[in-house]
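So the structure is just underneath, and the comments pick up after that.
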Amino acid sequence: MSLIKDFWARLNGSVHPDDASVFSAYPEHSFDLKFPPPAFIGRLDAPIVILMSNGGYKAGITEAEFPDENSVTEYLNFIRGDTKTLPSRLSSYYAGGAFATWMREGKVVLVNAVAYRSPSLSKEPYNKRVAKRLRSLELHRRWIMEEILPEATQGRRFLLVHRNGWWKIPTEYAGACVLFSDPARAEPNRPAPDQEKLECASAWIQKSRSLA
């Protein structure tokens, strides 16, 4: 089983039980915990893994993504692994972004280091201090180091590290199947990796198919 899959299978509501005590200990945080956390979007076994920063929140837009209890339940079922079908009211950032087609085809998974939603984590120093204490962040980092990097360094998966400020992956791992976005261009909140990096991922998956 996968570390990240097993972890989020225990989600109960919008906050993982292992993270609940952290939020309780720092009540002045401004994470919006009313909505399900976008810990990852896409199939966890997708051949391309893209590492992002955190779940976003936009007043009025996020609410529109979850207009009723059914939409919340659908999203939670996806994060828990009860279904592999992407949520039908997925944010346009995912559903209409640069990776939308790949995501629908099961080729890519976007994983947020910090699962919980805030408007701009890079500009929220108190939230950043809280986030660094989350068990989910620790687990996501372990998953990458123990499960994904070994596969990517052997060419079996493609890892695109876009927001490494949160992931802390040593750049010595860079290689044919492990690419890092230029931090000066990725931070503080560039929404997607550079086109040339995405083209490298696309070329890799086409080559992989031809060799299969």
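FYI, the numbering for the sequence shown is 3 to 214, going by our numbering.
Positions of the beta carbon are idealized from the N, C-alpha and C atoms, including for glycine.
Annotated three-state conformation of Gly167 is helix, per DSSP. If one requires a minimum length of 4 residues, the alpha helix (DSSP H) runs lying completely within the stretch 27-73 are 63-67, in chain order. Taking 8 Å as the cut-off, the beta carbon of Arg45 is found no closer than this to the beta carbon of Val116.
Boundaries for Arg91: no alpha helix (DSSP H) harbours it, and the DSSP string shows neither H nor E there. Boundaries of the beta strand (DSSP E) around Leu181: Val180 to Phe182. When secondary structure is reduced to three states using DSSP, Ser4 falls in the coil class, being assigned neither helix nor strand. Counting other Cβ atoms within 10 Å of its Cβ, Arg159 reaches 16 or more and is therefore classed as buried. Note on geometry: alpha-carbon atoms of Leu136 and Ser55 lie some 14 Å from one another. With respect to Asn114, Pro38 sits apart: the two C-beta atoms are not nearer than 8 Å. Where Arg119 is concerned, the enclosing beta strand (DSSP E) starts and stops at Val110 to Ser120. DSSP, read as helix, strand or coil, puts Leu139 in helix. With contacts defined by Cβ atoms closer than 8 Å, Pro69 and Lys109 do not form a contacting pair. When the beta-carbon positions are compared, Arg165 and Leu53 come within less than 8 Å of each other. When C-alpha distances from Asp20 are compared across Val163, Asp8 and Asn72, the shortest belongs to Asp8.
Under the three-state reduction of DSSP output, Phe80 falls in the helix class.
Ranking Gly177, Asp196 and Leu139 by CA distance to the CA of Gly167 puts Leu139 first.
Beta-bridge analysis with DSSP links Leu161 to Val51 and Val180. Rounded to whole angstroms, the Cβ separation of Tyr118 and Leu35 is 6 Å, and the two are in contact under 8 Å. Counting C-beta pairs closer than 8 Å gives fewer than three between the stretch 146-153 and the stretch 70-83, which falls short of the contact rule.
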